[in-house]
Amino acid sequence: GKRLDIYLREKLDFSRSLIQEWIKEGRVMVPGRKVTPHYRVREGDEIVVSIPPLSPQPEPEEIPLPIIYQDEDIVVINKPPGLIVHPAGRRRKGTLVNALLYYFPNSLSRLGGETRRGLVHRLDKGTSGVMIVARNDISHERVARQFQERKVKKVYLALVWGEPEKEEGEIFAPVGRDLRNRKKMSIYSPHGKTAFTKFRVKERFPGVAFLEVYPLTGRTHQIRVHLSSIGHPIVGDELYGGKKFSGSVLEMLRKKINRPLLHAYQITFLHPKSGKEMTFTAPLPEDFKTVLGFLRKELWRKK
Numbered sequence: 053g054k055r056l057d058i059y060l061r062e063k064l065d066f067s068r069s070l071i072q073e074w075i076k077e078g079r080v081m082v083p084g085r086k087v088t089p090h091y092r093v094r095e096g097d098e099i100v101v102s103i104p105p106l107s108p109q110p111e112p113e114e115i116p117l118p119i120i121y122q123d124e125d126i127v128v129i130n131k132p133p134g135l136i137v138h139p140a141g142r143r144r145k146g147t148l149v150n151a152l153l154y155y156f157p158n159s160l161s162r163l164g165g166e167t168r169r170g171l172v173h174r175l176d177k178g179t180s181g182v183m184i185v186a187r188n189d190i191s192h193e194r195v196a197r198q199f200q201e202r203k204v205k206k207v208y209l210a211l212v213w214g215e216p217e218k219e220e221g222e223i224f225a226p227v228g229r230d231l232r233n234r235k236k237m238s239i240y241s242p243h244g245k246t247a248f249t250k251f252r253v254k255e256r257f258p259g260v261a262f263l264e265v266y267p268l269t270g271r272t273h274q275i276r277v278h279l280s281s282i283g284h285p286i287v288g289d290e291l292y293g294g295k296k297f298s299g300s301v302l303e304m305l306r307k308k309i310n311r312p313l314l315h316a317y318q319i320t321f322l323h324p325k326s327g328k329e330m331t332f333t334a335p336l337p338e339d340f341k342t343v344l345g346f347l348r349k350e351l352w353r354k355k
């Protein structure tokens, strides 16, 4: 028999991840059996699915949003740290999409569906920095294709624990969902997809390094997983081990930070209409700047 989630995806017009969510929430029943997404459907099984009411359209909300550039086809923003990009699950408010609907009510692409209006790519909640938003479907398609074909050049800035031995490095390791913890990605996942990251050391401090990072592919949590896999987790990244360290200055540092210090600094792509190459940079957010200033002052004094 087929896996339950795959079977239902073929029968119903919903994504597999949504169906898996329903199974975990107990919305899918096979009388007399306990079911998981891996459950194999047998002949004669009676499957009962209670489909939840479809998510309403997100409401526009006036959330401060730093806009770097806008024209009738695209908007480039500097996403603040802590902002989730789109509504999901029970979370309907306070996301980037709610803000975009407020500032651009009638001009956002719909290719990603109602809850992802305008979004061509995403940044994790804790990551700050430059993002491209599409204002119509044609722009969306053209920019999305550049991401798929890996033609978009991205530069990130990250603060990591430990000091890399060399001035630059490359990490080539597949990234996929961690089998033990669904919230994490891992380089050991059997379903990992090719992932490639380069980095260069910009500044060194005792026990900490400030890096420029170039992800050449765009997997979920790629930079966070890759840097953690070589023993240099991002400062403030609890999920990937960015909390394990000691020392008084570092202890002080830890108390100041409640997110991974990862910032999407620069993006280069072709404008969807004119085809012209465009580069945008997003200044570092205050929390990241404060930490760097603190390191430059405190740690150099200690040397």
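Per my numbering, residue 53 is the first one in the sequence shown, and the count goes up by one each step.
Just so you know, even glycine gets a beta-carbon here, dropped at the ideal spot from N, CA and C.
- Between Leu-70 and Val-101, the beta carbon gap of about 11 Å keeps them out of contact (Cβ cut-off 8 Å).
- The three-state secondary structure of Thr-246, taken from DSSP, is coil.
- Judged by DSSP secondary structure, Leu-153 falls within the alpha helix (DSSP H) whose first and last residues are 148 to 155.
- In the DSSP assignment, Ala-261 falls outside any alpha helix (DSSP H) and within the unbroken beta strand (DSSP E) covering 260 to 267.
- Nearest to Thr-167 by C-alpha distance, out of Thr-88, Gln-122, Leu-148, Asp-176, is Leu-148.
- The alpha carbon of Glu-215 has as its nearest neighbour, out of Pro-258, Phe-248, Glu-201, Arg-79, the alpha carbon of Pro-258.
- Per the Cβ contact rule, the segment 258 to 275 is in contact with the segment 195 to 215 (3 or more Cβ pairs under 8 Å).
- DSSP places Phe-199 inside the alpha helix (DSSP H), whose first and last residues are 189 to 200.
- Pro-324 sits close to Asp-125, with the two beta carbons spaced by under 8 Å.
- Under DSSP, Leu-211 shares a beta bridge with Phe-262.
- Between the C-alpha atoms of Lys-341 and Lys-235 there is a straight-line separation of about 28 Å.
- Here Thr-179 is near Ala-316, since their CB atoms are less than 8 Å apart.
- If you look at Tyr-121, you'll find it in the beta strand (DSSP E) that goes 119 to 122.
- Inter-residue distance for Ile-115 and Val-82 is about 44 Å (C-alpha atoms, whole angstroms).
- When C-beta atoms of the segment 177 to 193 are compared with those of the segment 153 to 167, three or more pairs fall below 8 Å, so the two segments count as touching.
- In this structure, Thr-269 is the residue among Thr-269, Asp-230, Gly-345, Tyr-240 with its C-alpha nearest to the C-alpha of Glu-222.
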